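A.B. asks: In terms of this note's numbering, the sequence shown opens at residue 60 and continues consecutively. Note that CB positions come from ideal geometry on N, CA and C, so glycine has one too. Note that the coordinates shown come from a computational prediction; the quantities given were computed from them, not determined experimentally.
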Amino acid sequence: LQLTQPGTNPDGSSIEASGRGFFPAALNGIDISVKDSSRFKDSNGWGFFNFGHHAPPYAETAGVQPVEACAGCHMANATDMVFSKFYTPILHAK
Numbered sequence: 060l061q062l063t064q065p066g067t068n069p070d071g072s073s074i075e076a077s078g079r080g081f082f083p084a085a086l087n088g089i090d091i092s093v094k095d096s097s098r099f100k101d102s103n104g105w106g107f108f109n110f111g112h113h114a115p116p117y118a119e120t121a122g123v124q125p126v127e128a129c130a131g132c133h134m135a136n137a138t139d140m141v142f143s144k145f146y147t148p149i150l151h152a153k
């Protein structure tokens, strides 16, 4: 995912924790977002997946999360469903 490029994220984009953000504690799970406007029409084209919020091992597969679990906050508060305001290198690159 090229968050440093202006505009929106194209279909096929995916986001996973980079480990370069600001975290109050150690990472404790894996979440991945995938943009596919044909598969995820009810959530602005993004599907959200959770592989577990606990110590490893994590699940090998994950089903798409319901809108109220993830997409609702992203729809209301993010830019193209991506929270980038806490990643200052991204903001300065735009």
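Is it true that the CB of Gly131 sits closer than 9 Å to the CB of Ser108?
C.D. replies: Note that residue 108 is Phe in the sequence shown, not Ser. Cβ distance not < 9 Å, so Phe108 and Gly131 don't count as in contact.
A.B. asks: For Val93, which option in Gln124, Ala85, Phe110, Ser72 has the closest C-alpha, if you only look at C-alpha atoms?
C.D. replies: Nearest option by C-alpha distance: Ser72.
A.B. asks: What separation, rounded to the nearest whole angstrom, lies between the Cα atoms of Phe142 and Gly106?
C.D. replies: So the two alpha carbons sit approximately 15 Å from each other.
A.B. asks: Below 9 Å between beta carbons: does that hold for Ala128 and Asn87?
C.D. replies: No, these two residues do not count as a Cβ contact at 9 Å.
A.B. asks: What is the C-beta distance between Asp95 and Gly104, in whole angstroms, given that I count them as a contact (C-beta under 8 Å)?
C.D. replies: Right, their Cβ atoms sit about 7 Å apart.
A.B. asks: Label His133 either buried or exposed according to how many other C-beta atoms from any shown protein chain fall within 10 Å of its C-beta, with 16 as the threshold for buried.
C.D. replies: Classification of His133: buried, given that the 10 Å Cβ count is 16 or more.
A.B. asks: If you draw a straight line from the alpha carbon of Pro116 to that of Gln124, how long is it in whole angstroms?
C.D. replies: Those two C-alpha atoms are separated by around 20 Å.
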